[in-house]
Structure formats: structure tokens, C-alpha cells
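Here it is, written out as C-alpha cells:
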């Protein structure tokens, strides 16, 4: 069974103060990933500035996005049986790792950041 995993970006988080604005550029890779059941995969979210947190979402076909979790400074987390995430603030990126992918893992995965 071949699984299709799509990576998308939630629009950039903007933080507004009177006379001040901060924009964070966000890029994810790979944009599309096709793997076989039982394989491992890794998705990366890179951002351009210091952020408060990184959020990962999963959107199953025909459904709304659901929050997998939020990562704060240099945090690692495990969500469910086969999702592990890591935030590396110095390198300005976060990784979402899917181990032993199953059919139910076929979805669009989205990354969002909260600007500092």
C-alpha cells in the first residue's frame, strides 16, 4: 500500500503592535511524500525568525485540520503511537517524524508558527 502524505503551510503568523510588525517566513519540505506502509518519514518546517512556538496539524482527506501539538523552545514530543516532533530553536526548524506509517497516516500535515 502506497501512502500519500502532503505537506502544507498554514499562512504566516503576524504579530502587530502600533507602528511595529513582524513577519515570519515559513517553508516546509518535502511538499509531497509517497511512502509504503511500514516505512518511516520525516517532515521539516523551517522559519526565518525567532518564534514563540511551532504547531503541527494533520488534515485527513475531507476533514478540517486537527492540532497534533505545540512545541516550545528546544522541546521534543511524542503524539500518539508513531508521531514524534522536535523543535530546534537555534537552527530555526522543527521536524515531524512518522515511524512505521499506517494507512490512517495518509493526510496533509501543516506547520504554523507564532511570531515572538
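Numbering (this note's numbering), first residue to last: 41 to 156. Where is the CB? At the ideal position from N, CA and C, for every residue including glycine. All figures in this text were calculated on a predicted structure; none of them were measured in a lab.
- By the beta-carbon neighbour count (other beta carbons within 10 angstroms, threshold 16), residue 92 is exposed.
- In its chain, beyond the 5 residues on either side, 96, 117, 119, 125 have a beta carbon closer than 7 Å to the beta carbon of residue 109.
- Of the candidates 106, 112, 131, 141, 141 places its Cα closest to the Cα of residue 81.
- Per DSSP, the unbroken beta strand (DSSP E) holding residue 83 starts and ends at 81-87.
- In this structure, the CA atom of residue 101 is about 31 Å from the CA atom of residue 114.
- Taking each of 63, 98, 72, 86 in turn and checking the Cα distance to residue 144, the smallest one comes out for 98.
- Taking 8 Å as the cut-off, the Cβ atoms of residue 94 and residue 71 do not count as close.
- Spanning the alpha carbons of residue 67 and residue 73 requires a straight line of approximately 15 Å.
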